[in-house]
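K.L.:
Number of protein chains: 2
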Amino acid sequence: MRDTFVPDIVIKRLPAYLQVLNQMAKEGLHTVSSVALADRVGTTGAQIRKDLSYFGGFGKQGTGYSIYVLIEELHKILHLDKIWRVAVVGAGNLGRALTRYQGFANRGIDICLLFDNHPSLIGTKVDSLIIQHVDSMEKAIPKQNVKIAILTLPGEAAQSTAEILVKAGIQAILNYTPATLKLPKNVHVENIDPVLQLQRMMFYLEED
Amino acid sequence: MRDTFVPDIVIKRLPAYLQVLNQMAKEGLHTVSSVALADRVGTTGAQIRKDLSYFGGFGKQGTGYSIYVLIEELHKILHLDKIWRVAVVGAGNLGRALTRYQGFANRGIDICLLFDNHPSLIGTKVDSLIIQHVDSMEKAIPKQNVKIAILTLPGEAAQSTAEILVKAGIQAILNYTPATLKLPKNVHVENIDPVLQLQRMMFYLEED
DNA sequence: TAGATTGTTAATCGATTAACAATC
DNA sequence: TAGATTGTTAATCGATTAACAATC
């Protein structure tokens, strides 16, 4: 079932479905139709049914989907049924804020490494995590078998640092820098430079 | 020319083009072909030419594009030829980090308002900005004619706060919360919950 | 049983790519 | 002039939507 190719764009939507399903479970609901779920997510029933059908038939005609079952299946599909260790690279404002971010721990994300290259920061703590020098990444990352990194450095250092991360075994990078990273295709990069995100919306705003 | 419909997906790519063009200008280049630009952005020459053609013909056959001209045109198209004032709502770790973020000021973004609802924070400063109570948003936002807000609250408060923001005249929201906001279609929302971004990549990682 | 809703197929829509005449 | 590269059209590809038989 997962052998058949699933388009990236489908994968991108699944976490949003999961998000709403979790919310619904919290509200005490047990069952949901594709249309009801779609209304909350902001899409259509047909699209949800199509997306889910790449992975199997989780619903019941006439009834819809068991919220509990669907959450469980989405967890399996997205590999969320384990805790992922993550390294934060760059201990500036943003890096420290993300390290402390409450939303990670209870959603299966464990920030376990924090790096910077600024001498005065090395050895200091952010909450209980000690800031290590970027030069120790190549050893520390494989040691803890970390596969995911969050990049919050100045743009100039992003490319070279990302290359070291890849050498250290990192397979996915959440890139908060403005840099357009050039990395092997097997490394997955999500770009979320806040400036770029804001610029995307400015087009739609009235100049005044 | 801008009267003809331009697909959202084209608009989304323009800030990335601009990003690379700025980089090239910094490197001292003056001219670039669609293919050379595409290589750096990670797309194809055809796509860049098609995207730009929605707005006019900025290139010269045989030569390519003037980097200077293209940067200027993209600024005009995306409405980046002015400074945009932005409100940050939520003065937790992330909100404070974004308020202090160096990358905003030199790219035309002015964080001029910061709100929270936690009594002990009201009146305290983040850099030179005073944290105000969320109840004062409805007055303070129109007063400064702010159209863009960054949401960094706990998910539970996101929807109701966003509705107040819309009433206050906000037209674009950069949403860092896990909430799926339901707002009038004329309000532009970009969702960048870091957890969702990470989950999108976990699908592609080997379970081990 | 009658009503509701799935999973899937076929039809439609939109986006990307290829190709090339125009021209710098 | 010859070579390079644009802007655009047509062809291809992929994603969304509509429709409905199957069935709970």
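In order, the protein sequences belong to chains A and B. Mapped onto the working numbering, the consecutive letters of the first sequence carry residue numbers 1 to 208. Mapped onto the working numbering, the consecutive letters of the second sequence carry residue numbers 1 to 208. Just so you know, even glycine gets a beta-carbon here, dropped at the ideal spot from N, CA and C. Given the structure is predicted, the values throughout are model-derived calculations rather than measurements.
(1) According to DSSP, is residue 93(A) part of a helix, a strand, or is it coil?
(2) Please list, in chain order, the chain B residues whose beta carbon lies closer than 8 Å to that of residue 41(A).
(3) What residues from chain B crowd round residue 196(A), counting only those whose CB sits closer than 8 Å?
(4) Distance check for residue 177(A) and residue 114(A), CA to CA, integer angstroms please.
(5) 8 Å is my cut-off, CB to CB: does residue 101(B) come that close to chain A?
(6) Does any residue of chain B bring its CB to less than 8 Å from the CB of residue 93(A)?
(7) Could you check how far apart the C-beta atoms of residue 203(B) and residue 77(A) are, in whole angstroms? I think they sit under 8 Å.
(8) Rounded to a whole number of angstroms, what is the C-alpha to C-alpha distance between residue 99(A) and residue 191(A)?
(9) Could you please tell me which residues of the stretch 152-172 of chain A, in chain order, have their CB closer than 7 Å to any CB of chain B?
(10) So that I know if they touch, is there some Cβ in chain A lying closer than 8 Å to that of residue 144(B)?
(11) Taking the C-alpha atoms as reference points, what is the distance between residue 148(A) and residue 16(A)?
(12) Using the beta-carbon of each residue, which ones in chain B are nearer than 9 Å to residue 174(A)?
(13) Helix, strand or coil for residue 132(B) per DSSP?
(14) Is residue 10(B) helix, strand or coil when you go by DSSP?
(15) Strictly below 7 Å CB to CB, what residues from chain A border residue 65(B)?
(16) Hey, how far is the Cα of residue 197(A) from the Cα of residue 174(B)?
(17) Is it right to say residue 20(A) is buried, meaning 16 or more other beta carbons lie within 10 angstroms of its own, or is it exposed?
(18) Look at residue 90(B) and residue 183(B) and say whether their C-beta atoms are less than 8 Å apart.
(19) Does any C-beta atom of chain A lie closer than 8 Å to the C-beta of residue 111(B)?
(20) For the beta strand (DSSP E) that residue 190(B) lies in, which residues bound it at each end?
(21) Just the C-alpha distance for residue 65(A) and residue 10(A), rounded to the nearest angstrom, thanks.
(22) Could you name the residues that DSSP lists as bridge partners for residue 59(A)?
(23) How about residue 9(A): is its C-beta nearer than 8 Å to some C-beta of chain B?
(24) Please state the DSSP three-state secondary structure of residue 5(A).
(25) Ignore the nearest five residues each way along the sequence and tell me which others in residue 164(B)'s own chain have a CB closer than 7 Å to its CB.
(26) Along the chain, which unbroken stretches of the alpha helix (DSSP H) at least 4 residues long are found entirely within the stretch 99-161 of chain A?
(27) Based on Cα-Cα distance, which residue from 150(B), 18(B), 70(B), 50(B) lies nearest to residue 31(B)?
(28) Can you confirm whether residue 12(B), when its beta carbon is compared against all beta carbons of chain A, has any partner nearer than 8 Å?
(29) Counting contacts by CB-CB distance shorter than 8 Å, is residue 97(A) in contact with chain B?
(30) Could you work out which residue in 118(A), 88(A), 170(A) is closest to residue 111(A) when comparing CA atoms only?
(31) Which residues bound the beta strand (DSSP E) around residue 48(A)?
(32) Indicate the three-state DSSP secondary structure (helix, strand or coil) for residue 174(A) in the structure shown.
(33) Using beta carbons (cut-off 8 Å, strictly below), is residue 104(B) in contact with chain A?
(34) Taking residue 107(B) as the query, report the chain A residues whose CB atoms sit under 7 Å from its CB, ordered along the chain.
(35) Please confirm if residue 188(A) has its CB atom under 8 Å from at least one CB of chain B.
(36) Kindly indicate if chain A contains any beta-carbon less than 8 Å away from that of residue 71(B).
P.N.:
Taking the geometry as given:
(1) Counting from one through the first sequence, the residue named residue 93(A) turns up at place 93. Helix.
(2) One-based indexing of the first sequence puts residue 41(A) at position 41. What residue 41(A) touches in chain B: 180.
(3) Position 196 of the first sequence, counted from the start, is the residue given in the question as residue 196(A). Correct list: 15, 16, 19.
(4) Working through the first sequence from its first residue, we reach residue 114(A) at position 114. Working through the first sequence from its first residue, we reach residue 177(A) at position 177. Using only the alpha carbons, I get a separation of about 16 Å.
(5) Start at 1 with the first residue of the second sequence, and residue 101(B) comes out as number 101. Yes, contact with chain A.
(6) Taking the first sequence and counting its residues from 1, one reaches residue 93(A) at position 93. Cβ-Cβ to chain B under 8 Å: yes for residue 93(A).
(7) By one-based count along the second sequence, residue 203(B) stands at place 203. By one-based count along the first sequence, residue 77(A) stands at place 77. Right, the Cβ-Cβ distance comes to about 7 Å (below 8 Å), so this counts as a contact.
(8) Residue mapping note: residue 99(A) aligns to position 99 of the first sequence, counting from 1. Residue mapping note: residue 191(A) aligns to position 191 of the first sequence, counting from 1. The straight-line gap from Cα to Cα measures roughly 18 Å.
(9) 171, 172
(10) Numbered from its first residue, the second sequence carries residue 144(B) at position 144. With 8 Å as the cut-off, residue 144(B) does not count as an interface residue toward chain A.
(11) Residue 148(A) sits at position 148 when you count from the first residue of the first sequence. Residue 16(A) sits at position 16 when you count from the first residue of the first sequence. For residue 148(A) and residue 16(A), the distance between alpha carbons rounds to 20 Å.
(12) To locate residue 174(A), count along the first sequence from 1; it is residue 174. Against chain B, the beta carbon of residue 174(A) has neighbours under 9 Å at 194, 197, 198, 201, listed in chain order.
(13) Against the second sequence, residue 132(B) aligns to sequence position 132. The answer is strand: DSSP assigns residue 132(B) an E or B state.
(14) What you label residue 10(B) is simply residue 10 of the second sequence in a count that begins at 1. Reduced to three states, the DSSP call for residue 10(B) is helix.
(15) The residue given as residue 65(B) occupies position 65 in the second sequence. What residue 65(B) touches in chain A: nothing, since even the nearest Cβ is about 18 Å away.
(16) If you number the first sequence from 1, residue 197(A) lands on position 197. If you number the second sequence from 1, residue 174(B) lands on position 174. So the two alpha carbons sit approximately 7 Å from each other.
(17) For this step, residue 20(A) is matched to residue 20 along the first sequence. Within 10 angstroms of the beta-carbon of residue 20(A) lie 16 or more other beta-carbons, which makes it buried.
(18) Translated into the one-based positions of the second sequence, residue 90(B) becomes position 90. Translated into the one-based positions of the second sequence, residue 183(B) becomes position 183. Judged by beta-carbon spacing, residue 183(B) lies beyond the 8 Å limit of residue 90(B), meaning their Cβ atoms are not closer than that value.
(19) Position 111 of the second sequence, counted from the first residue, corresponds to residue 111(B). It does not: the Cβ of residue 111(B) has no partner Cβ on chain A nearer than 8 Å.
(20) Start at 1 with the first residue of the second sequence, and residue 190(B) comes out as number 190. Element bounds for residue 190(B): 188-191.
(21) By one-based count along the first sequence, residue 65(A) stands at place 65. By one-based count along the first sequence, residue 10(A) stands at place 10. Near 18 Å, if we compare the C-alpha coordinates of residue 10(A) and residue 65(A).
(22) Position 59 of the first sequence holds residue 59(A). The partner list for residue 59(A) (beta bridge, DSSP) reads 65(A).
(23) The sequence position of residue 9(A) within the first sequence is 9, counting from 1. No - not a single Cβ of chain B is within 8 Å of the one on residue 9(A).
(24) Here residue 5(A) refers to the residue found at position 5 when the first sequence is read from its first residue. The answer is coil: DSSP assigns residue 5(A) none of H, G, I, E or B.
(25) Taking the second sequence and counting its residues from 1, one reaches residue 164(B) at position 164. Only 137, 138 meet the Cβ criterion.
(26) 102-105, 137-143
(27) Stepping through the second sequence from its first residue, residue 31(B) is reached at position 31. Considering only alpha carbons, the answer is 70(B).
(28) Start at 1 with the first residue of the second sequence, and residue 12(B) comes out as number 12. Closer than 8 Å: yes.
(29) Residue numbering aside, residue 97(A) sits at position 97 when the first sequence is read from its first letter. Yes, because at least one Cβ of chain B sits closer than 8 Å to the Cβ of residue 97(A).
(30) For the purposes of this step, residue 111(A) is taken as the residue at position 111 of the first sequence. Of 118(A), 88(A), 170(A), the residue nearest in Cα terms is 88(A).
(31) For this step, residue 48(A) is matched to residue 48 along the first sequence. Where residue 48(A) is concerned, there is no enclosing beta strand (DSSP E), although the alpha helix (DSSP H) it sits in stretches over 45-53.
(32) Counting from one through the first sequence, the residue named residue 174(A) turns up at place 174. Three-state DSSP puts residue 174(A) in a strand.
(33) Reading the second sequence from its first residue, position 104 is the one you call residue 104(B). So, interface residue.
(34) Locating residue 107(B) in the second sequence gives position 107, where the first residue counts as 1. Simply 195.
(35) Here residue 188(A) refers to the residue found at position 188 of the first sequence. So yes, residue 188(A) belongs to the interface.
(36) Counted from its first residue, the second sequence places residue 71(B) at position 71. It does not; no Cβ of chain A falls within 8 Å.
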